[in-house]
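For reference, the structure is listed below as structure tokens.
Protein chains in written order, with the numbering used here: chain A, 6 to 475; chain B, 17 to 237.
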């Protein structure tokens, strides 16, 4: 009987070197990575946790705990749903990487990243969960950098900020251990609150720790951005929620939620305002994500089951928006060699499908109807009305800022081609790329009319977490 | 590897204020120096001195792991820096170093020295006022010095090699503090893997940044 935690951590690690070896044959590499990820995702979503089942002809029990050097790993219902989402998302991205190449390291390193995130979700001890997340971030640096030679800012900022977040969790973890051994010698609650607030603020990119988001969005392959900004968000949200569930007395100090609320407001504002004035699609994507993350933080900070559910649903809709805009951005970057507004003139004629995906995905990120992001943004606004009408206006205006940024980008793509790209006007997009991009466009539109699968998955995770918090 | 245990034992008389003073010097050199060989040598010395302090907080075997990790990290970074240097020399690039000149006069040597002086003052103020729990006072000072120097180094540069050394310095300071709190094998092992992976990433980014312009130019030809 193979225990679930072992399967979810080891199988991607076994597949990764194989995928690396066959990386030149993109179809095989993508199919292998996507197949592994999809199989694990479906296993998490479909197989029972508390009973033996069969996975690829082998007996497994997903909910069976594993003890490694005295530390327990276990897949719980909330973790299973979250990992199901992450692995299915990974499968979609790995498959898309066949038609829209993301660099030779994307698929193999992506699998290792998924393995590390699985470990983060399943380890019950805070210290090792955070260390697994740190290792995941360090591994992710390889595909953020990918084959780029002109800039290392994205990867460097990403590892720097994730490394800076670790020490506060190390100390908090020690304090928790101390508390478990002897509840009477509890350290001042404010110490816990300050350290946790600092650590989570960095990981969740609360302003002023947001610099890594835009740098990664600019430098990373755009499908990699979708994977990082979705999978990691889910893992961090789950970590925070499970921590508060296990130690509800942390809520006696309101600092963490106050910082998340006000930091969320600031993040929404900064994201929307900065998106308005960007001159390239990479940074625009980053600020669009920030505006969305801000809304997520505000919903999360309510601590209610509905708030956390909306926050998780926002991550799901964001993932779809990022996939759509990411495939378009990748195709345009590949052809033009740049994503600056000054360089993408003529792209709308040269690559109409990619341009449509880039702009519509961006508008979805901004929360405009009839696109997937609208469902999430509407749920967020609905959640805050009527108590916090001003917050709703800020979220709405931030969405407008992101939308205007993408409309400026659209105008740039409609401008005449620059001299060096004139000769490319006659080349059309490869059929497979156009089909893949078209499929993502259909997905985002379909999801806006039927957003229930995302909401129900978020609801399942929240119900399994045992929220609302007491 | 008994040799490391022997080194640590022979140098154990330094595992106090002298090691802390040495760490202050090495961290300052890493932040201030523009010579990559000197910075890397300072990092190696830093790992050895930190290894000595670890022997006061951890069992000898675990302190040895910390030393091994440091000793493994330095050649990795050396290899990356050398590769950049060779590639640039071969392609007759004027800058033969992975550490380019300071980006602006405002961030030049005097500014960095001044920054380190301010760090010294901050440590002088923080050490007695906010002593770190579970570690002797002089080790607490070393933690503050390494942590703050690392942060200063990160603020002052965008170059992966320099920023990487600063980040490793910051991590060493934090690990030194954490060693006083927790001495489990699993935590030490996880942190060692994290450190090694961090160094590999820094080496990778150093090569990507240093060799990149040459590759791009060659591709253009």
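Ideal placement from N, C-alpha and C gives every residue a C-beta, glycine not left out.
- Take residue 311 of chain A, set aside five residues on each side of it, and no residue of its chain has a beta-carbon closer than 6 Å to its own.
- Residue contact with chain A for residue 198 of chain B: present (Cβ-Cβ distance below 7 Å to some residue of chain A).
- For residue 77 of chain A, the enclosing beta strand (DSSP E) starts and ends at 76-78.
- Membership of residue 58 of chain A in the beta strand (DSSP E) is indicated by the continuous run 58-60.
- In the three-state scheme derived from DSSP, where H, G and I count as helix and E and B as strand, residue 105 of chain A is classed as coil.
- A:124 is the residue among A:63, A:124, A:301 whose C-alpha sits nearest the C-alpha of residue 136 of chain A.
- For residue 42 of chain B and residue 23 of chain B, the gap between their C-alpha atoms comes out near 19 Å.
- Distance between residue 28 of chain B and residue 147 of chain B, taken at the CA atoms: about 24 Å.
- Membership of residue 128 of chain B in the alpha helix (DSSP H) is indicated by the continuous run 125-145.
- Residue burial is scored here from C-beta neighbours: residue 241 of chain A has at least 16 other C-beta atoms within 10 angstroms and is therefore classed as buried.
- Closest in alpha carbon position to residue 73 of chain A, among B:224, B:202, B:223, is B:202.
- Within chain A, no C-beta atom comes less than 8 Å from the C-beta of residue 147 of chain B; the nearest is roughly 14 Å away.
- Those residues of the stretch 203-224 of chain B placed with their C-beta closer than 9 Å to a C-beta in chain A are 203, 205, 206, 207, 209, 210, 213, 214, 216, 217, 218, 220, 221, 222, 224, ordered along the chain.
- Within the same chain, 154 come within 6 Å of residue 33 of chain B by CB-CB distance, once the 5 residues on both sides are set aside.
- Under DSSP, residue 345 of chain A forms a beta bridge with A:285.
- Residue 75 of chain A and residue 296 of chain A have their C-alpha atoms spaced approximately 41 Å apart.
- The residues 179, in chain order, have a CB closer than 6 Å to that of residue 173 of chain B in the same chain once the five nearest residues on each side in sequence are set aside.
- Looking at the DSSP output, residue 7 of chain A sits in a beta bridge with A:65.
- Excluding residues up to 5 positions away in sequence, 34, 109 lie with their Cβ nearer than 6 Å to the Cβ of residue 28 of chain A in the same chain.
- Counting only Cβ-Cβ distances below 8 Å, residue 190 of chain B has contacts in chain A at 171, 172, 175, in chain order.
- A residue is called buried once 16 or more other Cβ atoms fall within 10 Å of its Cβ, and residue 124 of chain B, having fewer, is exposed.
- With a cutoff of 7 Å on beta-carbon distance, residue 131 of chain B and residue 159 of chain B are scored as not near each other.
- Partner residues in the beta bridge of residue 128 of chain A, as assigned by DSSP, are A:78.
- Within chain B, the C-beta atoms nearer than 7 Å to that of residue 139 of chain A come from 210, in chain order.
- At the C-beta level, residue 406 of chain A and residue 372 of chain A stay beyond 7 Å of one another.
- Contact of residue 179 of chain B with chain A by beta-carbon distance below 8 Å involves 161, 165.
- Using beta-carbon distances, residue 396 of chain A does not count as an interface residue toward chain B, since no partner is under 7 Å.
- The beta carbon of residue 460 of chain A sits closer than 7 Å to the beta carbons of 318 from its chain, once the five residues preceding and following it are set aside; these are given in chain order.
- Contact between residue 58 of chain B and residue 68 of chain B does not hold, since the beta-carbon distance rounds to 16 Å and is not under 8 Å.
- Under the three-state reduction of DSSP output, residue 48 of chain B falls in the helix class.
- The secondary-structure analysis by DSSP pairs residue 73 of chain A across a beta bridge with A:76.
- Listed in chain order, the positions of the stretch 155-176 of chain B with a beta carbon within less than 7 Å of a beta carbon of chain A are 170, 174, 176.
- In this structure, DSSP gives residue 309 of chain A a state outside helix and strand, which the three-state scheme calls coil.
- If only complete runs of 4 or more residues are kept, the stretch 159-204 of chain B shows the alpha helix (DSSP H) at 176-197, in order along the chain.
- Inter-segment contact for the stretch 79-97 of chain A and the stretch 105-120 of chain A is present: three or more beta-carbon pairs are separated by less than 8 Å.
- For residue 153 of chain A, the C-beta contacts it makes with chain B under 9 Å involve 224, 228, in order along the chain.
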